[in-house]
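The sequence shown begins at 261 in our numbering and counts up one residue at a time.
In this text, a Cβ means the ideal position worked out from N, Cα and C, and glycines have one as well.
Every value quoted in this text rests on a predicted model; they were computed, and no experiment measured them.
Before any comments, here is the structure.
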Amino acid sequence: MPNSTDFYINGKWVAPIRPKDFPVINPATEEVCATISLGEEEDTNAAVAAASAAFDGWSMTDPAERIAAVERLLEIYNRRADEMAEAISLEMGAPIDFARQQQVGAGSWHLDGFIQAAKAFEWDRPLGDWAPGERIFHEPIGVCALITPWNWPMNQITLKVAPALLAGCTMVLKPSEIAPLSGLLFAEMIDEAGVPAGVFNLVNGDGPGVGSTLSAHPEVDMVSFTGSTRAGRLISIAAADTIKRVSLELGGKGANIIFADAGEKAVKQGVIRCFNNTGQSCNAPTRMLVERSRYDEAVEQAAAAAQSINVGASSEPGRHIGPAVSEVQFNKIQDLIQTGIDEGARLVAGGTGRPEHLNRGYFIRPTVFADVTPDMTIYREEIFGPVLSILPFDSEEDAVRIANDTDYGLTNYVQTTDKDKLRRVARRLRSGMVECNGKGLGKGSPFGGFKQSGNGREGGAFGLHEFLEVKTVTDWD
261 MPNSTDFYIN
271 GKWVAPIRPK
281 DFPVINPATE
291 EVCATISLGE
301 EEDTNAAVAA
311 ASAAFDGWSM
321 TDPAERIAAV
331 ERLLEIYNRR
341 ADEMAEAISL
351 EMGAPIDFAR
361 QQQVGAGSWH
371 LDGFIQAAKA
381 FEWDRPLGDW
391 APGERIFHEP
401 IGVCALITPW
411 NWPMNQITLK
421 VAPALLAGCT
431 MVLKPSEIAP
441 LSGLLFAEMI
451 DEAGVPAGVF
461 NLVNGDGPGV
471 GSTLSAHPEV
481 DMVSFTGSTR
491 AGRLISIAAA
501 DTIKRVSLEL
511 GGKGANIIFA
521 DAGEKAVKQG
531 VIRCFNNTGQ
541 SCNAPTRMLV
551 ERSRYDEAVE
561 QAAAAAQSIN
571 VGASSEPGRH
581 IGPAVSEVQF
591 NKIQDLIQTG
601 IDEGARLVAG
611 GTGRPEHLNR
621 GYFIRPTVFA
631 DVTPDMTIYR
641 EEIFGPVLSI
651 LPFDSEEDAV
661 RIANDTDYGL
671 TNYVQTTDKD
681 KLRRVARRLR
691 SGMVECNGKG
701 LGKGSPFGGF
711 KQSGNGREGG
721 AFGLHEFLEV
731 KTVTDWD
């Protein structure tokens with residue numbers, strides 16, 4: 261891996277103009293595992309200038325050339341998958357087997373999906389027989405700022421970098437300063453794939469130092485951001501003066517509706533899905549809504565499932581969950597668990613503090629609350645940790661009302677063997693995605709939400725469209 265304090269600008273690894281060291285903490289040990297340098301406005305301006313200078317050349321390449329570059333990138337990514345897994349495990353605490361299979365696998369999944377989508381994409385076409393000679397072109401939007409989070413590093417980086425490359429855009433990537441090592445390794449893979457200088461640039465930094473500069477920069481044509489709703493709001497305000505496009509994938513507070521006729525494993529599977537990646541997923545089903553006739557049984561099953569989940573070091577093999585990513589996140593989750601207790605939710609598994617067998621690291625006890633009500637903080641706020649809230653409902657109408665009673669609208673879940681009911685409920689849920697009976701999304705499926713979960717969609721052809729402008733030309737033929 262290159263020097264972790266360097267940035268990748270205009271096809272070269274360069275030192276920051278005014279180095280500012282920042283420690284990267286291994287959340288399983290609370291020890292420094294690397295040091296990066298945080299960029300500032302001057303570094304960001306240099307990266308944007310490089311992307312701007314490279315745009316004319318890259319934007320006019322044949323789509324086949326861009327597809328070939330991403331195919332080379334995918335081959336390199338797969339070949340170096342173990343390196344990537346180690347980087348992700350070290351920086352954000354994903355257990356090493358989970359890092360290999362799901363964290364790294366998400367990146368290869370999206371790269372392959374975008375390649376397939378780009379090969380089938382209609383880059384230009386006639387408008388129709390009724391408008392002779394008029395042609396519609398899909399053209400790259402320009403210089404893009406890509407700001408990604410720490411919880412699924414390669415999932416989010418590939419969801420932004422791949423479609424931007426394929427669309428013909430140039431870009432500046434700012435990965436999370438909390439988990440930057442995977443982004444640096446990815447930049448090395450981009451270089452190895454022969455992507456021309458200036459097309460892809462990387463600057464490490466925090467929101468005030470780099471993110472805000474990118475969001476307001478007059479030469480940046482688009483910002484694609486994944487992270488908190490609060491930060492998304494600030495980015496939208498900063499981008500407003502230049503009327504740049506802003507694509508946001510933000511928070512979630514997904515409801516998992518379990519009807520009485522759901523499969524016998526629905527509750528256990530819901531708990532596992534909620535606690536996947538230590539609960540650090542925006543699309544986690546953190547509110548379990550259970551039909552009242554099955555409610556008491558479901559609470560017992562959820563408690564048992566949570567108590568059976570092992571918590572352990574990220575370096576150890578096996579099927580367990582790792583730590584929260586940082587001390588800040590650890591403290592936030594602990595405070596919200598205590599708030600749930602204080603506000604009267606019934607604690608049936610877990611609670612505050614670390615698991616008994618662990619005396620250091622940002623580890624959280626898998627926690628389940630029952631009898632949660634809409635006035636409680638844990639019902640409303642995105643906790644972003646292994647914490648599940650359970651509450652009953654009495655009817656289909658009641659379930660839909662409770663599920664939609666949130667500022668968010670990313671992913672909801674429905675469990676029932678009644679197909680007609682499934683279809684009715686799914687259509688009424690106000691979310692960008694509805695996963696039913698444990699079936700996940702397909703390759704190239706659009707990922708994104710309603711309401712304060714953001715705007716725009718990522719993945720496949722839908723993700724390509726985010727980085728494209730539409731141009732109409734008459735008298736072409």
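Check                                                                                                         : Outcome
Between the CA atoms of S649 and T546 - distance to the nearest angstrom                                      : 6 Å
Whether P626 touches P652 by CB criterion (7 Å)                                                               : no
Beta-carbon proximity list for R241, same chain, < 8 Å, skipping 5 on both sides                              : Since the first and last residues shown for the chain are 261 and 737, residue 241 lies out of range.
S436 versus W318, L462, V571, L426, residue with shortest Cα-Cα distance                                      : L462
Reference L618; option with closest CA among G572, G600, M636                                                 : G572
Through-space distance from A663 to K513, alpha-carbon basis                                                  : 9 Å
Classification of D481 by the beta-carbon crowding that lies within 10 angstroms, buried from 16 upward       : buried
Closest residue to Y673 among D667, L689, R661 (Cα-Cα distance)                                               : L689
Among G467, D466, V432, the one whose alpha carbon lies nearest that of I450                                  : V432
Close Cβ partners of S698 (< 7 Å) along its chain, the five nearest in sequence each way excluded             : It is worth fixing the name first, because residue 698 is Gly in this sequence and not Ser. Around G698: Q529.
Within 7 Å, strictly: CB atoms of P583 and G428                                                               : no
Residue closest to V470, alpha-carbon to alpha-carbon, out of A345, L298, G393                                : L298
Cβ pair count under 8 Å reaching 3, the segment 276 to 295 against the segment 392 to 408                     : no
W390 classed as buried or exposed, judged by whether at least 16 other C-beta atoms fall within 10 angstroms  : exposed
For Q675: DSSP bridge partner residues                                                                        : I518
Environment of K434 [buried if 16+ CB atoms lie within 10 Å]                                                  : buried
Same chain, Cβ closer than 7 Å to D303, neighbours up to 5 away in sequence not counted                       : F267, P276, I277, V463
Nearest neighbour of P468, chosen from L494, Q598, S488, A313 [CA to CA]                                      : L494
Contact under 7 Å by Cβ, I593 with I624                                                                       : yes
Segment contact, 8 Å Cβ cut-off, at least three pairs: the segment 501 to 513 with the segment 477 to 492     : yes
Three-way DSSP call (helix, strand, coil) for I296 in this model                                              : strand
Per-residue DSSP class, three states only, for A457                                                           : coil
Contact check, N715 vs L508, beta carbons under 7 Å                                                           : yes
Inter-residue Cα distance where the pair is A324 and L425                                                     : 12 Å
Identified DSSP bridge partners for V632                                                                      : DSSP, once it has assigned bridges, lists no residue as partnering V632.
Own chain partners of A347 with C-beta closer than 6 Å, once the 5 adjacent residues on each side are dropped : L441, S442, L445
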